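In the UniProt record's numbering, the protein residues as written are 1 to 286.
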């Protein structure tokens with residue numbers, strides 16, 4: 001199974017700036033040595049500044065280099081040909097065991113990375129904002145529409161008014177027609193979907209709070225949002241992109257976290273609603 005830190009560095013290194021990328025390459029090729037180094041030694045060996053070392057650790061979601069180093073050491077990473085193969089995409093020559101190893105590695109990494117990147121206070125803010133809302137709209141395109149539908153199904157079972165418009169035109173209309181404590185939940189893992197960006201901007205201009213689920217933290221979508229929930233991008237340069245699957249799982253995991261945190265705010269009431277939903281389905285549909 002590919003180690004979490006190595007997989008994360010491998011997936012993100014192409015998007016890093018020059019100094020961070022240089023440090024990442026050094027770590028990938030010196031994984032045995034790095035856990036034994038402090039900030040100054042690693043900076044000297046990799047020929048970057050000490051500030052870059054600290055910034056690198058924080059970019060991966062750690063509090064600082066010490067936490068990063070201890071995690072790297074605890075994983076007891078071993079880089080050999082077999083481990084390197086786990087970083088690659090599916091090939092027609094993979095055995096069933098190799099396929100299982102590649103996918104399970106990426107799934108584990110996606111969930112772990114998402115959990116580490118999502119602060120508890122951000123999760124609480126999302127649950128509180130949805131609790132304030134009288135009505136919610138949720139929207140995503142393509143694979144993100146699967147996540148939007150999952151969000152819709154979960155919250156509708158609690159008796160919470162949720163709109164899941166089938167196209168961007170209806171979603172845009174909801175911004176001005178649902179104006180009583182209305183919250184818009186937008187999903188775009190890349191953060192580049194133009195229709196979703198336009199919805200976020202329109203929501204902001206019309207004072208509709210927006211929760212955005214995205215891996216892109218610095219783009220137009222995040223800038224227009226009231227609250228940004230980070231997901232794992234799982235970007236892969238290869239054509240089969242198993243990472244597309246793991247990014248979807250990351251989004252579904254975040255929806256689960258938001259849902260259960262919201263459920264906790266009004267626990268007895270929400271559990272009762274779930275029970276009633278289950279009972280009527282069992283009575284008439286089973």
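We put the beta carbon where it would ideally sit given N, CA and C, even for glycine. Since this is a predicted model, take the numbers as computed values, not measurements.
Using DSSP bridges, identify the partner residues of residue i.
i, result
"residue 182", "135"
"residue 210", "184"
"residue 229", "213"
"residue 163", "137"
Residue i and residue j look like a contact to me (Cβ under 8 Å); what is the Cβ gap, rounded to whole Å?
i, j, result
"residue 138", "residue 148", "5 Å"
"residue 23", "residue 46", "5 Å"
"residue 258", "residue 123", "7 Å"
"residue 208", "residue 186", "Rounded, the Cβ-Cβ distance is 11 Å, inconsistent with contact."
Leaving out five residues on either side along the sequence, give the residues of the same chain with a beta carbon under 8 Å from the beta carbon of residue i.
i, result
"residue 114", "230, 231, 232, 250, 253, 254"
"residue 94", "102"
"residue 84", "At residue 84 the pLDDT is 48, less than 50, meaning the model places this residue with poor confidence and gives no usable figure here."
"residue 141", "168, 188, 193, 195, 196"
"residue 131", "262, 265, 266"
Tell me which same chain residues have a C-beta within less than 6 Å of the C-beta of residue i, skipping the five on either side of it?
i, result
"residue 145", "none"
"residue 78", "The predicted model places residue 78 with a pLDDT of 47, which falls under 50 and marks its position as unreliable, so this point remains unresolved."
"residue 271", "none"
"residue 111", "253"
"residue 180", "134"
"residue 20", "56"
"residue 26", "46"
Considering only the beta carbon of each residue, do residue i and residue j sit closer than 8 Å?
i, j, result
"residue 227", "residue 118", "no"
"residue 178", "residue 163", "yes"
"residue 221", "residue 143", "no"
"residue 215", "residue 172", "no"
"residue 174", "residue 165", "yes"
"residue 218", "residue 200", "no"
"residue 69", "residue 31", "no"
"residue 29", "residue 109", "no"
Hey, out of the options, whose CA is closest to residue i's CA?
i, options, result
"residue 9", "72, 174, 44", "72"
"residue 43", "53, 35, 36", "53"
"residue 160", "65, 269, 96", "269"
"residue 11", "60, 51, 29", "60"
"residue 37", "65, 191, 204, 109", "65"
"residue 245", "13, 104, 25, 49", "104"
"residue 125", "284, 273, 183, 106", "183"
"residue 156", "277, 120, 99", "277"
"residue 170", "14, 275, 198, 150", "198"
Using a Cβ-Cβ cutoff of less than 7 Å, which residues in the same chain neighbour residue i once the five nearest sequence positions on both sides are dropped?
i, result
"residue 206", "175, 176"
"residue 107", "246, 249"
Does the beta carbon of residue i sit closer than 8 Å to a beta carbon anywhere in chain B?
i, result
"residue 229", "Here chain B cannot be found, since the structure has a single protein chain."
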